[in-house]
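Structure first, commentary second.
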Amino acid sequence: MTTGVRRRMGVEERRQQLIGVALELFSRRSPDEVSIDEIASAAGISRPLVYHYFPGKLSLYEAALQRASDDLAARFVEPHDGPLGARLLRVMRRYFDFVDEHGPGFSALMRGGPAVGSSTTNALVDSVRQAAYVQILSHLGVTDPPARLELVVRSWISLAESTALIWLDGRRIPREELEPQLVNDFAALAAVSAAYDEDMATLLRGIVKDEPADGPFALLAGRLIALAS
């Protein structure tokens, strides 16, 4: 009979393991409710050994948040192929995949709390918002956005966050409905802004002309016309 020998992990490998374990626990409960003892137990190591790799729970949470924020920011990366409405819809589906998988941690992060009040965590949240903002501008083909366009894009990113948080409280509206609704919200925000600004109107015309009849923007226009009639 042979006896298995546990392989000793290197420093970085162990750190990455602990980050992964923390993320898994944070996906089920708010970070404030997860103790270092639970993280140590789930990782199969002692509490003192966790502190050997991370000075405290906040530093471990910040490391886990860094990985999560990188993941979330990557959800906004989309090939520049096809109409904008379809691209945004794919982005929203990946965004809600993340929210669905990391609900409690996402909620605690966006709503704030003792574990997420540091300047580091706030900076990470802002970095995700900025990454989303840059990605959306790239899809619009704009490098130096006018004030109204910046307002539209940043307002839409905030709307996506608040919609996801409300959805997590009971999930009363199917996400399959919310995802295209958020795409329509982007079109609606742009349309309202275009009514006041000719540059926005020109941008919106360029977007709409490439949209198919069965795309989310065209479907929104059809619904609005039906309501008016």
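To convert, note that position 98 of the sequence shown is 101 in the working numbering; the numbers rise steadily by one, no gaps.
Every residue gets a Cβ at the ideal spot worked out from N, C-alpha and C, and that includes glycine.
Computed from a predicted structure; not experimentally measured.
- Fully enclosed beta strand (DSSP E) runs of no fewer than 3 residues are not present anywhere in the segment 175-209.
- For P58, the three-state secondary structure derived from DSSP is coil.
- Just measuring C-alpha positions, the residue of L185, P215, V155 and E81 sitting nearest A194 is V155.
- For L127, the closest of F79, L21, M12 and S72 by C-alpha to C-alpha distance is S72.
- When the beta-carbon positions are compared, R93 and E104 stay at least 8 angstroms from each other.
- Boundaries of the alpha helix (DSSP H) around D40: I39 to A46.
- A contact is defined here as three or more CB-CB pairs under 8 angstroms, and the segment 51-70 fails this definition with respect to the segment 132-141.
- Separation of T205 and Q184 (C-alpha to C-alpha, rounded to the nearest whole angstrom) is 23 angstroms.
- By alpha-carbon distance to I160, the top candidate from E182, A221 and L171 is E182.
- Inter-residue distance for A198 and G85 is about 26 angstroms (C-alpha atoms, whole angstroms).
- The beta carbon of V102 lies closer than 8 angstroms to those of F109, A167, W170 and L171 in the same chain, with the five residues before and after it left out.
- In the DSSP assignment, S161 falls within the unbroken alpha helix (DSSP H) covering A150 to L171.
- The continuous alpha helix (DSSP H) containing M95 extends over residues L87 to E104.
- With contacts defined as CB atoms closer than 8 angstroms, L68 and L112 qualify as a contacting pair.
- Using a Cβ distance threshold of 8 angstroms, V24 and A46 count as a contacting pair.
- Of D200, E164, V53 and F189, the smallest CA-CA separation from A89 is found for F189.
- For G218, the closest C-alpha among the options V186, M12, L21 and V37 is that of V186.
- The criterion of a C-beta distance shorter than 8 angstroms is satisfied by A66 and I22.
- Taking a 10 Å sphere around the C-beta of S196, we find 16 or more other C-beta atoms and assign the residue as buried.
- Between the alpha carbons of I42 and Y98 lies a gap of roughly 26 angstroms.
- Collapsing the DSSP output to three states places R32 in coil.
- Residues of the same chain with a CB within less than 7 angstroms of the CB of V211, apart from the 5 flanking positions on each side, are F220 in chain order.
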